[in-house]
Amino acid sequence: MSTYPSPQRHHILSVLVQNKAGVLARVASLFARRGYNIFSLAVAPTEDPQFSRITIVVDVEGTTLEQIVKQLFKLIEVVRISELDPQKSVERELFMATVRTDGENRGQIVELANIFEAKVLAVGVDALTLSLEGSPEKLDDFEELLRGYGIVELQRTGRIALPKLDREAHSRAVKGKAS
Amino acid sequence: MKITGAEALIKALEMESVDVMFGYPGGCILPAYDPLLKSSIRHILVRHEQGAGHMAEGYAHVTGRPGVAMVTSGPAATNLVTPLCDAYMDSIPMVAITGQVSTSAIGTDAFQECDTVGITRSITKHNELVMSAEDLPLAIRQAFHIATTGRPGPVLIDIPKDVLQNSMTWHWPTDEEVQASLPGYHPTTKGHPRMIKEAAKLILAAERPVLYLGGGVLKSRAAEVVREIAELLNIPVVTTLMARGAFPDSHPLCLGMPGMHGTAAAVTAMQKSDLLIALGARFDDRVTGKVSAFAQEAKIIHVDIDPAEQGKVRRPDVPIVGDCKLVSIEILKALRELLDGGEVQADIAPWRSRCSGWQEQFPLSYEPSAPGAALKPQFCLEQIRDHAPEGTILVSGVGQHQMWSSQYWHFDEPYTWVNSGGLGTMGFSVPAAIGAKVGRPDKTVWAIDGDGCFQMTAQELITASISKIPIKVGILNNSYLGMVRQWQEMFYGERYSEVDLGGGVPDFVKWAEAMGCVGIRVDSPEEVAPAIERANSINDRPVVVDFRVEEFEKVFPMVAAGASNDDIILPPSQNDRREYLR
Ligand SMILES: Cc1ncc(C[n+]2csc(CCOP(=O)(O)OP(=O)(O)O)c2C)c(N)n1
Ligand SMILES: [Mg+2]
């Protein structure tokens, strides 16, 4: 039951912003105001405490993406925007789920977790909490399989991404800072 | 030296060469009103914070300098929302200062607390809640820098009361410090040389070019160089509602205003063009009509300082991000180089004669009133125009009277037209005219208002009389929400719903007098000129002229909302000539 956007419409924007109060609200309200949909969003400080990086996955056509990027640039605190090509970047996401177990199938679930290299975080009488870090697609597959057992609660972080190191020009930095 | 945050605020405004601000005091902003007593800055006490905002806009429109409004927290800040949005839509440089509850009370629903920064986030170019007195000078410098550079716009600075009261060590940030504090803000002003060359080539090759001037031409003060381009190649020019005055209406190349109520010549020339040279214009829906049917054969050169405008509505063939003036200078240079190098311009003589044909066949026109019948609003405007001292600034409200103002005035100079274009804010004209007169006391300022609009902000007339700001207001009083009535007549089968003000239009003469203004009522055509002459002769107080005009007059031409510009509705008297629009 993967709800991830189709590959051609899914775009990853890596947005470097000044680390200031209200910046996330500004980005979020821009998306709301202009009617763009955020698929997932992750935000955290970077190596330089002055800046944070917001990784946004959007599900749009190319022309809309261009407008999103340009409108984002107009936010004064936005310093740089890179669109990461899914083919040329590494993406990671963290997933946690509590899965129902009747006791008998606990072994199956643990085995499944082992195959995916997921971790068992907690064991209860009738439930297990698992975590998995990996590519969003791998997480999708794992989630799909766990559904058969009954997922009680599920939380995904949204993806973070960086350009791959082995090739030149992994990321297309969008130039022309807006007014 | 230690001073209070409030003293630092006023000092920072002085450092930014603010000579006047429009405001209204109250609890949280009170500390700032104390050092104001000793300041060189003139403060104009308004009667409603919306008035302060529109005054700041009017001031900015005519001077090019940022208008400043200062109000308290909560209801005062929310009263400022409309002008902020108006300034945002029309790219007006403005700095708004709002008081906020003390830092310790933020988030507690304290008295007169509201999330001003949250509320105004999407209607300001930038806004900021300043949490420490030490940060105030930099915040103010940033605000002025951001408001006036790149695509101009309103910036709001929200200041908690304790931040104004706390003491701080004065430090005025240098340009470098300001730059360093804004690592993400570097507006592109110089156009890309290759694109400029490309544009010049396209311009020379075009057989049916049109210069499509928007408000950016005025903001960047590019009128002169744009005129040189037009004259060098004899390119017809249209000036949008935001650009009226950027190119003289009296110029033989001027086709007037395009758009919903534009001239048939301007609308049609754009439709038939093979090259639109858009300078500081944004392909607004009121200009394009139905976008898919707009200027279908035209290539587009789009010059705008805001990259987000490129391709937002119509994909340009040559996008040029940059300041209209700097880019126009470069385009002119490139054109001259090409011409000097032996390139020749395509023959545009047939195009020019087509454009002149449209102008001759489809002038703006209205039926003069029959003897004894009601006054025509267009006639009043023509009379105000013909009696106006040179350089008169015209300000308008929103509605039919706005469109007639734009149509029937002859704009021959930049910065003589002030109106609310993007937001269409009723109530704009009286306060905006006051701000314009404060900015240009040497000029005559006429506000043309509707009877509906006037009732939204007329309380500012007392501000004008007490502060000795002698504006003139002409109300084109049709006792209707005329523009809405026109739509109901044309598109809702004459079913008039809640547009008749007739039963309740107040006595505007008495109202004017109660506000310390001279009030004059005009009912018949013979009274028009004497009333205007009298109004023009009064310079010690504001004047309000109540022109009682025909109720059912409509604005023509008109392109219905969402319709193609090809389906422009002509004035009834020109319908038989429709074929000439081909
Ligand atoms: C604040 C606001 N409310 C409503 C409108 C919608 N509206 C546009 S024009 C108009 C009528 C204006 O009436 P009036 O001021 O008498 O001008 P007229 O059209 O009669 O010249 C209205 C209600 C608006 N533009 N602004
Ligand atoms: Mg009216």
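Chains as they are written, first to last, in this note's numbering: chain A, 1 to 179; chain B, 1 to 582. Beta carbons are placed, not taken as given, at the ideal position from N, Cα and C, and that holds for glycine.
When the five nearest sequence neighbours on each side are left out, the beta carbons in the same chain lying within less than 6 Å of the beta carbon of residue 502/B are those of 479, in order along the chain. For residue 487/B, no beta strand (DSSP E) segment is defined; the enclosing uninterrupted segment is the alpha helix (DSSP H) at 482 to 491. If you check each beta-carbon in the stretch 285 to 311 of chain B against every beta-carbon of chain A, the ones closer than 7 Å belong to 305, 306, 307, 308 and 311. The beta carbon of residue 36/A lies closer than 6 Å to those of 68 in the same chain, with the five residues before and after it left out. Beta bridge pairing from DSSP links residue 254/B with 237/B. Ligand 2 has no heavy atom closer than 7 Å to the beta-carbon of residue 24/B. About 4 Å separates the Cβ atoms of residue 35/B and residue 10/B, confirming a contact at the 8 Å cut-off. Judged by DSSP secondary structure, residue 78/B falls outside any beta strand (DSSP E) and instead within the alpha helix (DSSP H) spanning 75 to 79.
Residue range 151 to 156 is occupied by the beta strand (DSSP E) that includes residue 156/A.
Shown here for residue 506/B: not one same chain residue has a beta carbon closer than 6 Å to its own, the five before and five after excluded. In its chain, beyond the 5 residues on either side, 255 and 265 have a beta carbon closer than 7 Å to the beta carbon of residue 359/B.
Residue 561/B sits exposed, since fewer than 16 C-beta atoms from the chains shown fall within 10 Å of its C-beta.
Just so you know, the alpha carbons of residue 132/A and residue 99/A end up roughly 13 Å apart. Excluding residues up to 5 positions away in sequence, 398 lie with their Cβ nearer than 7 Å to the Cβ of residue 424/B in the same chain.
The nearest non-hydrogen atom of ligand 2 is less than 7 Å from the C-beta of residue 481/B.
Boundaries of the beta strand (DSSP E) around residue 80/A: 78 to 84.
Interface with chain A (8 Å Cβ-Cβ cutoff): residue 106/B is excluded.
Annotation: Cβ neighbours of residue 126/B in chain A (cutoff 7 Å, chain order): 76. Look at residue 451/B: its beta carbon is less than 7 Å from one of the heavy atoms in ligand 2. Following the DSSP letters along the chain, one finds residue 304/B in no alpha helix (DSSP H) but inside the beta strand (DSSP E) bounded by residues 299 to 304. The beta carbon of residue 399/B sits closer than 7 Å to at least one heavy atom of ligand 2. If only uninterrupted alpha helix (DSSP H) runs of at least 4 residues are considered, those enclosed by the stretch 11 to 98 of chain B are 30 to 36, 49 to 63, 75 to 79 and 81 to 89. Of all residues in the stretch 107 to 121 of chain B, those with a C-beta nearer than 9 Å to a C-beta of chain A are 117, 118 and 121, reading in chain order. For residue 158/A, the distance from the CB to the nearest heavy atom of ligand 1 is not below 7 Å. Residue environment analysis places residue 415/B among the buried positions, since at least 16 neighbouring C-beta atoms fall within 10 angstroms of its C-beta.
A distance criterion of 7 Å places the beta-carbon of residue 57/A beyond contact range of ligand 1, judged by its closest non-hydrogen atom. Interface with chain B (8 Å Cβ-Cβ cutoff): residue 110/A is excluded. Judged by DSSP secondary structure, residue 140/A falls outside any beta strand (DSSP E) and instead within the alpha helix (DSSP H) spanning 136 to 147. The beta carbon of residue 159/B sits no closer than 8 Å to any beta carbon of chain A. For residue 402/B, the enclosing alpha helix (DSSP H) covers residues 400 to 408.
In the DSSP assignment, residue 160/B falls outside any alpha helix (DSSP H) and within the unbroken beta strand (DSSP E) covering 154 to 160. For the C-beta of residue 66/A, the chain B residues within less than 7 Å are, from N- to C-terminus, 311. Pairing residue 152/A with residue 55/A, the inter-Cα distance amounts to about 28 Å. Collapsing the DSSP output to three states places residue 120/B in a helix. In the three-state reduction of the DSSP assignment, residue 169/B falls in the strand class, which pools E and B. What residue 146/B touches in chain A, judged by beta-carbon distance under 8 Å, is 76, going in chain order.
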